[in-house]
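Chemist:
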Amino acid sequence: MTNRLNRVKSVARKVGGIRRLILILMAVSLGTTALLDFFVVEKIFGPLVYLYIALSTIVGLYVIYPLYAGRRLTKYYWVRVKRNRLAVWGLGFILFLILLALIGPFFTADPTAVSFEEKNIPPLGFTIEESVYEPETEQFIAKTITATGEHPLGTDNKGRDLLAMIVSGAGVSLQVGLLATGIALTIGTLIGVMSAYLGGKMDNILMRLTDVMMAFPFFLLLVFIVFIFGPNLAFIVLVIGLTGWTGAARLIRSQTLSLRTREFVMASKALGASDSRIILAHLVPNVISLIIVMATLSIPGVILAEAALSFIGLGDPNVTSWGMVLRAGQQSLDTTWWVAVVPGVMLFLTVLAFNFVGDGLRDAFDPRSAL
Amino acid sequence: MEKPILRIRNLKTYFFTRRGTVRAVDGVDFDLLKGECLCLVGESGCGKTVTALSILGLIDSPPGRVVDGEIYYDNVNLLKCSPEQMRRLRGKEIAMVFQDAQSALNPVFTIGDQIAEQVKLHLGVGGGEARQRAVDLLGEVGIPSPEKEVDYYPHQLSGGMKQRAMIAMSLSCDPQVLIADEPTTAVDVTIKAQILDVFQRLRETRQMSLLFITHELGVVSEIGDRMVVMYAGRLAEAAAVTELLGDPKHPYTAGLIKCVPDITKTRDRLESIPGTVPSLIDPPRGCLFHPRCDQAMAICSQEKPPLTMVGKGHTVFCHLYNGIKGNGEQ
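Taken in order, these protein sequences are the chains called A and B. Numbering-wise (the numbering used here), the first sequence opens with residue 36 and increments by one. Numbering-wise (the numbering used here), the second sequence opens with residue 6 and increments by one.
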């Protein structure tokens with residue numbers, strides 16, 4: 036057993052550390068399953084699953100593990116975050132949302148199940164009057180629809196359960212927010228740090244590339260991609276992620292520029308560290324607090340972008356997202372107002388929660404802020 | 006003891022800036038013998054650090070470049086090595102201790118992690134072993150309870166402790182040559198003595214060669230075997246420490262020694278050498294020191310002073326000694 040462990044260790048050393056070994060193994064295994072998936076067997080996993088695995092590995096190796104390894108520092112930051120009441124509430128709401136998205140689907144009905152007998156039921160505690168056409172008397176008569184325990188948040192005009200749709204939407208929003216932000220920040224961090232560290236010509240090339248990307252109207256690109264490839268959530272996530280890294284790259288570059296001239300970079304070079312090692316093992320950990328703050332602050336933007344896309348009817352029709360429910364509800368805002376209001380409030384609270392957490396983290400990580 | 010481990014010949018490192026070429030190091034020769042401590046002395050901006058960085062191949066390029074010369078480490082010309090070869094050499098064969106340990110340690114890792122990283126990188130041992138080695142090294146440089154302090158972050162240590170940690174880190178792979186760039190400048194006097202003790206002890210136990218860069222003559226007399234005095238990117242004088250401090254030949258060296266304040270005398274003014282270091286972009290002709298030299302002659306502003314042997318192992322670059330003891334090129 037120890038023998039085998041030693042062999043793993045020696046392989047890891049050859050490729051430059053356990054972390055890189057895990058990354059390489061992950062890339063290889065994901066690559067081969069993806070190839071099998073697309074060419075041999077027909078679609079076992081959706082492309083989102085690959086993104087999930089890849090990103091959670093990267094986040095685990097470069098965010099969770101360092102936080103665990105530096106427990107004392109993590110505890111110190113947690114004490115500072117805790118002093119910001121709003122951030123704690125925000126964090127609580129995000130955790131609630133994650134639980135909702137993970138466990139909710141087991142307890143709620145199918146969000147796409149249509150039932151016209153149960154349409155337009157108001158949420159618990161409300162009743163509405165509706166004029167219903169009676170075929171026998173050929174007249175419209177007023178009918179009171181009362182809330183039922185079966186549909187605590189009511190139903191829409193096709194009788195779909197609103198609670199189920201909200202639960203499904205929570206999952207979609209979180210997936211889009213986390214995955215797209217993860218992709219964007221991974222790219223942004225690498226480009227920012229490399230640009231600042233390598234300097235000179237490389238810096239120029241990477242930063243001009245960033246400028247070009249920034250000048251690109253990304254929402255149009257999104258609409259364009261949806262038009263060409265069809266409304267697929269994975270494409271939407273990829274496009275948001277692949278275009279959204281510019282701000283992060285610039286900010287991280289500016290932070291790294293001041294780090295690069297610090298003597299510890301020269302010192303680790305003088306002791307034989309390679310460029311990739313300095314970038315990954317010395318510079319990235321020094322900007323990790325900035326990355327975490329930026330991630331929390333950019334997630335709401337991404338969630339809103341997806342909601343906006345669904346709202347104008349370019350979302351993935353196979354998944355029920357908040358933007359889509361919002362769109363369904365806005366046509367009958369005067370009668371079945373809850374169909375639009377509930378997802379609207381959820382979006383509002385989610386965006387607010389991420390912003391509060393982001394602000395709290397920024398203050399906690401900033402040594403100059405008097406907390 | 007007699008065999009040179011590092012031979013530097015006619016080293017020229019220039020920086021090509023927008024305002025002109027800065028001749029930071031302009032033709033420097035010296036040998037570092039096995040097991041000796043050679044002190045590189047001179048005032049700020051005279052090219053000491055650039056010399057050290059040139060040896061390690063760490064000159065930022067652009068704007069800097071080693072334009073000429075040879076640096077032999079055990080018969081390998083370092084200037085002809087590939088970047089990858091140089092990277093393997095750094096830390097393992099030649100290591101460097103920096104002036105400001107505060108900024109030379111990465112603030113987000115514990116000192117143990119940083120030392121262990123070096124060990125894992127160069128010696129290829131596992132995590133537990135590397136950590137044990139970090140503890141041993143911290144003990145070797147005189148950190149009182151290394152098992153505890155190995156888990157400290159740099160900001161939890163005092164200045165002297167950080168400098169020791171930095172030294173431990175540079176020793177992690179048993180280098181043959183240790184370059185110390187003003188390691189005592191950022192610490193106070195009592196700590197300075199302790200740090201010098203650490204270096205002294207390491208030299209005895211490890212038989213390694215030390216290239217000690219400093220501007221403090223007190224430190225030189227404490228630790229050095231031989232010393233090389235640099236001025237404005239060129240050599241002024243080189244000799245054994247006792248000989249050079251007792252009988253300086255070059256007017257610059259003599260001036261430097263006179264500048265050291267004597268604590269037993271109370272004087273209202275400190276000695277200084279009049280004038281400032283010349284611009285390295287547009288240096289004066291002839292001897293670079295002649296505008297500040299009180300013994301300057303007509304020839305000093307015309308010709309570069311040649312190397313003159315004035316004693317056993319005592320060389321000086323000054324026109325005052327032209328042809329005095331033969332051996333000059335004049």
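We put the CB at the ideal spot given by N, CA and C, even for glycine.
Cutting at 7 Å between CB atoms, please list the residues of its own chain near Ala-148 of chain A, excluding the five before and the five after it.
Modeler: Excluding residues within five positions, the ones whose Cβ falls inside 7 Å are Arg-195.
Chemist: Between the Cα of Tyr-112 of chain A and the Cα atoms of A:Val-377, A:Leu-368, A:Val-328, which residue gives the shortest distance?
Modeler: Nearest option by C-alpha distance: A:Val-328.
Chemist: Chain A partners of Phe-103 of chain B, CB-CB under 8 Å?
Modeler: What Phe-103 of chain B touches in chain A: Glu-298, Met-301, Ala-302, Ala-305.
Chemist: Identify every run of the beta strand (DSSP E) within the segment 26-106 of chain B, keeping only runs that are complete inside it and at least 3 residues long; order them along the chain.
Modeler: Listed in chain order, the complete beta strand (DSSP E) runs (minimum 3 residues) inside the segment 26-106 of chain B are 42-46, 69-78, 99-102.
Chemist: Among residues of its own chain, excluding the 5 on either side of Leu-228 of chain A, which ones have a beta-carbon nearer than 8 Å to its beta-carbon?
Modeler: Residue identity check: residue 228 of chain A is Val in the sequence provided, not Leu. Result list for Val-228 of chain A: Ile-287, Arg-288, Thr-291, Ile-314, Leu-318, Val-319, Val-322, in chain order.
Chemist: Any beta-carbon of chain E closer than 8 Å to the one on Asn-321 of chain A?
Modeler: You won't find chain E in this structure, because its protein chains are A and B.
Chemist: For Gln-168 of chain B, would you say it is in contact with chain A, using Cβ-to-Cβ distances shorter than 8 Å as the test?
Modeler: Gln-168 of chain B does not count as touching chain A.
Chemist: I need the boundaries of the beta strand (DSSP E) containing Lys-17 of chain B, first residue and last residue.
Modeler: Lys-17 of chain B -> beta strand (DSSP E) spans 9-22.
Chemist: Going by DSSP, which residues form a beta bridge with His-319 of chain B?
Modeler: Note: His-319 of chain B sits in a beta bridge opposite B:Gly-316.
Chemist: List, in order along the chain, the chain A residues whose C-beta lies closer than 7 Å to that of His-220 of chain B?
Modeler: Those do not exist, as His-220 of chain B stays about 18 Å from chain A at its closest Cβ, beyond 7 Å.
Chemist: Please decide whether Ser-311 of chain A counts as near chain B, where near means a Cβ-Cβ distance under 8 Å.
Modeler: Chain B, which has no Cβ nearer than 8 Å to the Cβ of Ser-311 of chain A, makes this no.
Chemist: Just reading off the alpha helix (DSSP H) that Asp-246 of chain A is part of, what are its end residues?
Modeler: That run of the alpha helix (DSSP H) goes 235-250.
Chemist: What do you reckon, are the CB atoms on Val-392 of chain A and Thr-331 of chain A nearer than 8 Å?
Modeler: Contact flag set, yes.
Chemist: Residues in its own chain within less than 6 Å of Ala-205 of chain A by CB, not counting five upstream and five downstream?
Modeler: So the list reads Leu-132, Leu-135, Ala-136, once near-sequence residues are dropped.
Chemist: Closest by CA to Asp-34 of chain B, which one among B:Leu-16, B:Ala-241, B:Thr-269?
Modeler: The option with the nearest alpha carbon to Asp-34 of chain B is B:Leu-16.
Chemist: Taking only the alpha-carbon atoms, compute the straight-line gap between Leu-183 of chain B and Phe-103 of chain B and give it to the nearest angstrom.
Modeler: The alpha-carbon atoms of Leu-183 of chain B and Phe-103 of chain B are separated by roughly 11 Å.
Chemist: Using a Cβ-Cβ cut-off of less than 9 Å, list which residues of the segment 120-131 of chain B approach chain A; keep chain order.
Modeler: Cβ contacts with chain A: Glu-122, Gln-123, Lys-125, Leu-126, His-127, Gly-129, Val-130, Gly-131.
Chemist: Going by beta carbon distance, what residues of the same chain come within less than 6 Å of Tyr-158 of chain B, once the five residues before and after it are set aside?
Modeler: Cβ neighbours of Tyr-158 of chain B beyond the five flanking positions: Thr-115.
Chemist: For a contact meaning CB atoms closer than 7 Å, what does Val-113 of chain B contact in chain A?
Modeler: The contacting residues are Pro-320, Asn-321.
Chemist: For Val-321 of chain B, does the count of other Cβ atoms within 10 angstroms reach 16, so buried, or fall short, so exposed?
Modeler: The residue in question, Val-321 of chain B, is buried, as its Cβ has 16 or more Cβ neighbours within 10 Å.
Chemist: Taking Met-232 of chain B as part of the alpha helix (DSSP H), name the residues at either end of that continuous run.
Modeler: Premise fails: Met-232 of chain B lies in the beta strand (DSSP E), 231-236, not in any alpha helix (DSSP H).
Chemist: Quick one: is Pro-188 of chain B near chain A, going by C-beta distance under 8 Å?
Modeler: It does not: the Cβ of Pro-188 of chain B has no partner Cβ on chain A nearer than 8 Å.
Chemist: DSSP three-state label for Gln-335 of chain B, please.
Modeler: Only weak support is given to the placement of Gln-335 of chain B: the predicted model assigns it a pLDDT of 37, under 50, and the question is left unresolved by the model.
Chemist: For Pro-68 of chain B and chain A, any beta-carbon pair shorter than 8 Å?
Modeler: Taking Cβ atoms only, chain A never reaches closer than 8 Å to Pro-68 of chain B, which makes this a no.
Chemist: Are the beta-carbon atoms of Cys-305 of chain B and His-319 of chain B separated by less than 8 Å?
Modeler: No, they are not a contact pair.
Chemist: What does the Cβ neighbour count give for Asn-267 of chain A, buried or exposed, with the cut at 16 atoms within 10 Å?
Modeler: It is buried - the Cβ of Asn-267 of chain A has at least 16 other Cβ atoms within 10 Å.
Chemist: Any residues in the segment 226-259 of chain A with a beta carbon nearer than 8 Å to a beta carbon of chain B? Which ones, in chain order?
Modeler: Result list: Gly-235.
Chemist: Check the Cβ of Leu-61 of chain B against every Cβ in chain A and list those closer than 7 Å, keeping chain order.
Modeler: What Leu-61 of chain B touches in chain A: Ala-305.
Chemist: Looking at the ligand FMN, does it come within less than 7 Å of Lys-125 of chain B, judged from the CB to the closest heavy atom?
Modeler: In the structure on display, the ligand FMN does not appear, and there are no ligands present to speak of.
Chemist: Residues bridged to Thr-190 of chain A by DSSP?
Modeler: For Thr-190 of chain A, which the question treats as bridged, DSSP gives the partners A:Asp-196.
Chemist: Would you identify the three-state DSSP class for Lys-197 of chain B, choosing helix, strand or coil?
Modeler: Lys-197 of chain B: helix per DSSP, three-state reduction.
Chemist: Any Cβ of chain B within less than 8 Å of the Cβ of His-317 of chain A?
Modeler: Yes, contact with chain B.
Chemist: Applying the 10 Å Cβ sphere with the 16-neighbour rule, what's the burial state of Leu-110 of chain B?
Modeler: When all chains shown are included, Leu-110 of chain B counts as buried.
Chemist: For Met-101 of chain B, collect the residues of the same chain with a Cβ closer than 7 Å to its Cβ; drop the 5 residues on either side in sequence, then sort them by chain order.
Modeler: Closer than 7 Å at Cβ, skipping near neighbours: Ala-57, Leu-61, Ser-175, Ile-184, Asp-186.
Chemist: Ignore the nearest five residues each way along the sequence and tell me which others in Lys-97 of chain B's own chain have a CB closer than 6 Å to its CB.
Modeler: So the qualifying residues of the chain are His-127, Cys-178.
Chemist: From B:Val-234, B:Gly-238, B:Arg-239, pick the residue whose C-alpha is nearest to that of Ala-245 of chain B; which is it?
Modeler: Of the listed residues, the one whose Cα sits closest to Ala-245 of chain B is B:Val-234.
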